[in-house]
Amino acid sequence: MKKLLTIDCGEILLREYTIDDVDAIVEITSQPEVYTFLPDFRTTREQRLDWLINYEIPANQSFLKAIPAIDDQTYFRLGIILKETDQLIGFCMTGLKEELPPPNREIVYAISKYFRNKGYTTEAAKGLINFLFKKTNAEILNAVALTHNIGSNRVIQKCGFEQVDRIDIKNQSYYHYQIRKSDWLEKEQFLYETV
C-alpha cells in the first residue's frame, strides 16, 4: 500500500484524501457553516465518491509527482485529521483561483462546526503554507474570504497574509490577501515536518 503524505501540525495532521474519507467530507460540506461560504463543495455521497476516485485523488498524485514545479497543477487536497481520534474534521487545499491574476495559487480550508475555535484551522493552513513554500516553487500564495466571514478572515490574518485588495466574485465582496515566500521563510516560526 502506498504511504500517504502527511504533514504534522501539532494536534492535527494534514493527510492526502482517501476513498474512506467520503462520508466525513460529505458530512462536513453538508453543514450550513461550511456550505454557506463554500456552496460548490456541497455534494451527494455518490458525487463526492466519483470526485474522489476520478478527480481529487488523481489530482493529488499528479501534484505530488510535479513537486517542486507546481505551476500547472490545479488542486492538492488534504484532510485535517485530529491526531487524538484519527478523525477527519476538515480539509485544507491549494488550487488556482481563476478570478485572480497570476500568480493565482490560493489556499482554501473548512472545518466541521464541532471543531471550530480550537485553532485547528489556523494550524492546518500554516502547515500547508509551510509545505508549499518549502517544498515547491510557489513564491506567492493568495487567500480570499467573503468580507462578512469573520472567522475565515481571522485565520488568514493569523497565518501572516496581508490584505491587498477588495474584489467582487460572482457578485459578492471578498477580501483578497497574499503572502510571499520570502516573508514566510524570514519569520522561521512555523516549522512543521512532512512525514
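So the sequence shown is numbered by UniProt numbering: it starts at 1 and just counts up by one.
Here a beta-carbon is modelled for each residue, glycine too, at the ideal position from N, C-alpha and C.
Please report the residue range of the alpha helix (DSSP H) in which residue i lies.
i, result
"Asp168", "Where Asp168 is concerned, there is no enclosing alpha helix (DSSP H), although the beta strand (DSSP E) it sits in stretches over Glu162 to Ile169."
"Gly151", "Ile150 to Lys158"
"Glu27", "Val22 to Thr29"
Under three-state DSSP, which class holds residue i?
i, result
"Ala66", "helix"
"Arg180", "strand"
"Asn60", "helix"
"Asn117", "coil"
"Arg77", "strand"
"Leu96", "strand"
"Ala138", "coil"
"Phe37", "coil"
Looking at the unbroken beta strand (DSSP E) that takes in residue i, where does it start and where does it end?
i, result
"residue 249", "With the chain covering only 1 through 195, there is no way to say anything about residue 249."
"Tyr109", "Arg105 to Ile111"
"Thr44", "No beta strand (DSSP E) holds Thr44; DSSP gives it neither H nor E."
"Asp8", "Thr6 to Asp8"
Using the beta-carbon count (16 or more within 10 Å), is residue i buried or exposed?
i, result
"Gly90", "buried"
"His176", "buried"
"Gln172", "exposed"
"Thr44", "exposed"
"Gln85", "Correcting the residue identity first, residue 85 is Thr in this sequence and not Gln. Its Cβ having fewer than 16 others within 10 Å, Thr85 is exposed."
"Glu98", "exposed"
"Ala143", "buried"
"Tyr114", "exposed"
"Ala69", "exposed"
What whole-angstrom Cβ distance do residue i and residue j have, given they're in contact under 8 Å?
i, j, result
"Leu82", "Ile12", "6 Å"
"Thr29", "Phe41", "4 Å"
"Cys9", "Gly160", "Actually they do not touch by this definition, with Cβ atoms about 15 Å apart."
"Pro103", "Ile140", "5 Å"
"Asn60", "Tyr17", "6 Å"
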